[in-house]
């Protein structure tokens, strides 16, 4: 491959200006010393799956959290690393490009060179393919100069997001040994980080010296858990998409003749759609998670939209904006089941032309009901993670088509007396994910890059770089690392009464779970949305966050999802540790009987409550 | 109609910040005095059509140019207007919304109130429909506060762009009389300004006191001539589109697996596509004007793109970005002819279902060759100006389809040995035209609004507000007004040998005319493009102008088209007048014989050269 990666084009004036921006470092990452404090060993949030996870990851499960501390903090057990031998690190982009990715590499390079100018950073060319084939580019300041604070992954390129098959894992192992890497940094989303954990375990078993580190970079915003508040790229994607959605809303309100159906890239979960809704106030949003939890059919959805169109027509409004996440199609139970059948036939090697004739009667009935263009798209081969090719399935056109058909029917029957329904469809994804990264994503990615070095300096393997307290200014950010295994869950599928199958442990995409923990995180946002749903639907209170700004007011805006959430799990874990330490200090051998009694009684009731709360619930997960 | 126009929603932080921005006024518009200098009577640039234009516009053709002067300038014949009785003005949005439109109204309102606080500005609700039905909203500072520097036309709304039929013209006349309007300001593009000129003439004939003023506001950027350098909205549209095209280019370069076919809104002419090309450096752009002038067929275009794809594949490149103007489809001669037949059958009242069977044999052959989705789109009713519904015809999908078919054929035949060709299609239009306006468009529109008042204060009818020298800072802008009739041309179509038909005088969209005057204007840009065409095609020197900025570097950027052009026609006309005045002053009665002889001889040769140059060329216009 005659690659052009790393060869810069002409930068525009704004690109040049951006390339000069220097992100700030939080105090804990400043200086030339690495100060790491370890917490207790970690468990998996999914206590029912913990056993299965620990069995799959004997070397890397249960490792402690790591917190990186500022120089001024006085903590007894902190490990201070002042010796920094030159090390060799490889870095690879995995999966869909996400704005800010380049800054992870810049941050990592900068940290490496600050601690030892003789350290080496090798970028793998063309993503995982470059990793398998040992194709590298040594990262230098000169190469970086054109990619600092710029979008895309074009400095190194990317291919598939998987390092999974035995062949792939072995190729990666061979590469890391051949290049004598001390560390391998994997930049990607849920799939790539699951693979990073597997690679770390494999390397540990093989006694390979290379430590594997993951970085949460995905525009989907679905790598969310106790340790990870948001992902690099999510902020930018939501801002660019919101700008466009708002522009379209302004257009709708000016011309008053079209309904815009807008599908948003973001994989299975609806995080992007939710954030864009909070930014732009469209008339409707259909969250995949709501559809799945309420088990809405295509017919229900069509009816809901048609009723809304009709209510608006009664107020003489013939325009509107409706958002759909790209994962919606898989959230509709009957379509999901149809897709499962199709994918099953794919796995059996049935050719595309023959699939429709081998569907079960009910699946066949649904399939035949659908318009031709959607049939073709549903028949596409599934993605590497077994999900449908969501970016290729034009759900927005399907719904617009179904709504138009139904509105025409109502018009004919006389139950609808308004003007003809007109839809325009959009898919926003590619035009956002290549954007210059927002200031937030520049900062976040750069800091994560620095943390990767700290993780490697502390010789940690199978960890993900984390920053918490992100909604506050950079100098308040808390930097740390968490074992990737602690973010894993195990999925169970019921296969008829009594039978169930168990998936492999993996970092699963966090959905906007309306009943579970994730919902807690976004509940403020969701409540806001619910309270305003009727106003949004009927009153056109469109809002335009405007284009991404790099200077002046607006440049420091963060996503609503991040700001309304009260996460800081890592901060709380630390706080708890402080409480436990205090109890231990107060109730030292020699303390009074009364104090000891009070402590025992209080702690006994605390442990009892917590034991009950933490018991495996065995609640079934819907793998929609 | 229960209208929500003028009812503001919640403004975002950036929207609020923008609403506080106060555009600067050029010195000639400052103060409370209007100082107007008249030039010579105007002619039409199209000398062959001048007679026909003057006959159609006896009252409004041949009026002089007007220049508005700063207080400090000493000119003998300047008319100084210090008395400003309270006046009543109506304003209407016509045609597609274009960013900055609201600022024309703000500027006009501000100028009205500065000169007399008792003046009244009435906005027509719902565009021309509001004008015909006398539905108005009195514009106040309170209403404006939420629309200053904001996008869209939602303060007043808009409907059709035409005031053309006798019924429509009479309704407008009735409204202006009933509301006792001293002025009617029409905000729109070529169609609306042609209608404005017709309305001005009709009002003059009917001795209606309302003066009609046009304002060049159209995202297409095709209302360009000696007097008008650019249009309100064009700057913003090109910037937002270029941002998205560049993001997609970054995406292409990162993933290296797709060809992106991007169609750009902008009607018949390719100005938007040209400017976006100069901003973003995509791999290819297909200008409609080039296709029309070279008479390229669909087959030629397909082959050109396929050959480019193949050359790139030989360099192991399987991605690319190709821009198409929405007008391209009408520029392909055989498709244009097919559309003419279809539109002819529409006019004869043939139903859509029967059109295909009544086409001529060759048109039918082409039609049957096309894929189904394009057939449906070509059969749509034409627009009010007889052009096809360009926004609805997915030329990008047609070309992607033809290229894919051809590449598959080459692959099968073994003449192409690369990877499978994959295309993703986009249409960028709606997501740009609702944007917050750029600083340039905010300023330009606001200044034009002020000029409208100056035109009305000078009692001019049938004029368009103009600003020249736009590529320089606002304090260097020259403000004036030109009769709309001076911008008109008359089209001739040859109807077989010897026979030709003549169109109505109209302000026609300026195309990127590769042989004519327009080409002169953009030649620098076109040369830049041509010189770099191969580099653009093969080397991926993508450039990302980034998102629209309102603060910091980049906020003052202007379009390349504007900056490379050397227009300032109005400035040169003034300069010429100065030369003529000087000659007259030097050669006053009483001067020496020698001086007189020299002047006579010199001027005789000047007039001879100019007569030859100005002779009607009768060159035929291609009405593609």
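Residue numbers (this note's numbering), protein chains in the order written: chain A, 1 to 624; chain B, 1001 to 1624.
Ideal Cβ placement from N, Cα and C applies to all residues, glycine included.
Being a predicted model, the structure only gives us computed values, none of them experimental.
Listing by chain order, which chain B residues have their CB less than 8 Å from the CB of residue i?
i, result
"residue 17 of chain A", "1552, 1553 and 1554"
"residue 424 of chain A", "1430"
"residue 249 of chain A", "1434"
In angstroms with no decimal places, state the Cα-to-Cα distance between residue i and residue j.
i, j, result
"residue 551 of chain A", "residue 434 of chain A", "20 Å"
"residue 1165 of chain B", "residue 1044 of chain B", "25 Å"
"residue 40 of chain A", "residue 577 of chain A", "9 Å"
"residue 1144 of chain B", "residue 1101 of chain B", "12 Å"
"residue 1022 of chain B", "residue 1454 of chain B", "20 Å"
"residue 184 of chain A", "residue 1150 of chain B", "48 Å"
"residue 625 of chain A", "residue 289 of chain A", "With chain A covering 1 to 624 only, the question about residue 625 of chain A has no answer from this structure."
"residue 312 of chain A", "residue 1228 of chain B", "41 Å"
"residue 395 of chain A", "residue 264 of chain A", "10 Å"
"residue 1125 of chain B", "residue 1174 of chain B", "16 Å"
"residue 1477 of chain B", "residue 1556 of chain B", "15 Å"
"residue 1017 of chain B", "residue 465 of chain A", "36 Å"
"residue 1148 of chain B", "residue 1588 of chain B", "53 Å"
"residue 1586 of chain B", "residue 1596 of chain B", "9 Å"
"residue 1425 of chain B", "residue 1569 of chain B", "40 Å"
In chain B, what lies closer than 7 Å to residue i by C-beta?
i, result
"residue 256 of chain A", "1157"
"residue 676 of chain A", "The requested residue 676 of chain A does not occur in the structure, where chain A is confined to residues 1 to 624."
Report the option in the options whose CA atom is closest to the CA atom of residue i.
i, options, result
"residue 1260 of chain B", "B:1385, B:1329 and B:1284", "B:1284"
"residue 1196 of chain B", "B:1177, B:1207, B:1216 and B:1180", "B:1216"
"residue 1251 of chain B", "A:184, A:428 and A:387", "A:428"
"residue 1405 of chain B", "B:1370, B:1357 and B:1233", "B:1370"
"residue 353 of chain A", "A:316, A:376 and A:209", "A:376"
"residue 299 of chain A", "A:335, A:319 and A:455", "A:335"
"residue 1388 of chain B", "B:1340, B:1401, B:1463 and B:1431", "B:1340"
"residue 1504 of chain B", "B:1492, B:1512 and B:1373", "B:1492"
"residue 122 of chain A", "A:282, A:180 and A:583", "A:180"
"residue 1532 of chain B", "B:1046, B:1202 and B:1279", "B:1279"
"residue 72 of chain A", "A:333, A:218 and A:33", "A:33"
"residue 206 of chain A", "A:15, A:218 and A:170", "A:170"
"residue 268 of chain A", "A:218, A:317, A:255 and A:573", "A:218"
"residue 26 of chain A", "A:176, A:443 and A:241", "A:443"
Cβ closer than 8 Å: which chain A residues qualify as neighbours of residue i?
i, result
"residue 1010 of chain B", "281, 541 and 543"
For residue i, go through chain A and note every residue whose CB falls closer than 9 Å to its CB, in chain order.
i, result
"residue 1097 of chain B", "250, 251, 254 and 255"
"residue 1013 of chain B", "545, 546, 553, 554 and 557"
"residue 1310 of chain B", "Those within 9 Å of residue 1310 of chain B in chain A number zero; the least Cβ separation is about 16 Å."
Starting from the beta carbon of residue i, find every residue of chain A whose beta carbon is closer than 7 Å, and list them in chain order.
i, result
"residue 1244 of chain B", "431"
Flag residue i as yes if its beta-carbon sits less than 9 Å from any beta-carbon of chain E, otherwise no.
i, result
"residue 581 of chain A", "The displayed structure is made up of protein chains A and B, and chain E is not among them."
Review point. Which of the residues in the stretch 139-171 of chain A, read from start to end, lie with their CB under 7 Å from any CB of chain B?
Key: Those would be 151, 152, 153, 154, 157 and 158, in chain order.
Point to revise | chain B contacts from the stretch 218-237 of chain A (Cβ-Cβ distance under 7 Å) | key: From the stretch 218-237 of chain A, no residue has a Cβ closer than 7 Å to chain B.
Practice item. Check each residue of the stretch 527-546 of chain A: if its Cβ is closer than 7 Å to any Cβ of chain B, include it; give the result in chain order. Key: Going along the stretch 527-546 of chain A in chain order, one finds 540, 541, 542, 543, 544, 545 and 546 with a Cβ nearer than 7 Å to chain B.
Practice item. Determine contact between the stretch 1075-1083 of chain B and the stretch 1412-1424 of chain B, defined as no fewer than three beta-carbon pairs at a distance below 8 Å. Key: Touching, no.
Point to revise | Segment contact flag, the stretch 538-545 of chain A with the stretch 219-227 of chain A, C-beta cutoff 8 Å, min 3 pairs | key: Fewer than three Cβ pairs drawn from the stretch 538-545 of chain A and the stretch 219-227 of chain A lie within less than 8 Å of each other, which leaves the two stretches out of contact.
Review point. What are the residues of the stretch 432-443 of chain A that lie near chain B, defined by any Cβ-Cβ distance shorter than 7 Å?
Key: Of all residues in the stretch 432-443 of chain A, the ones placed with a Cβ closer than 7 Å to any Cβ belonging to chain B are 432, 433, 434, 435 and 436, in chain order.
Practice item. Using a Cβ-Cβ cut-off of less than 7 Å, list which residues of the stretch 1367-1397 of chain B approach chain A; keep chain order. Key: None of the residues of the stretch 1367-1397 of chain B has a beta carbon lying less than 7 Å from any beta carbon of chain A.
Practice item. Please confirm if the stretch 1465-1478 of chain B is in contact with the stretch 1126-1142 of chain B, defined as three or more CB-CB distances below 8 Å between the two stretches. Key: In short, these stretches do not touch, since the Cβ pair count stays below three.
Point to revise | chain A contacts from the stretch 1449-1483 of chain B (Cβ-Cβ distance under 7 Å) | key: Listed by position, the residues of the stretch 1449-1483 of chain B near chain A (Cβ gap below 7 Å) amount to none.
Check your understanding: For the stretch 1175-1199 of chain B, which residues have a CB atom closer than 9 Å to at least one CB atom of chain A, in sequence order?
Key -> With the criterion set as a beta carbon lying under 9 Å from some beta carbon of chain A, the stretch 1175-1199 of chain B has no members that meet it.
Review point. If you pair each beta-carbon of the stretch 1267-1281 of chain B with each one of the stretch 1585-1601 of chain B, do three or more pairs fall below 8 Å?
Key: They do not touch, by the three-pair rule.
Check your understanding: So does the stretch 1531-1542 of chain B actually touch the stretch 531-541 of chain A, counting three or more Cβ pairs closer than 8 Å?
Key -> Look at the beta carbons and you see the stretch 1531-1542 of chain B not touching the stretch 531-541 of chain A: under three pairs across the two are nearer than 8 Å.
Review point. Relative to chain B, which residues along the stretch 108-128 of chain A have a C-beta separation below 7 Å, given in chain order?
Key: Cβ contacts with chain B: none found.
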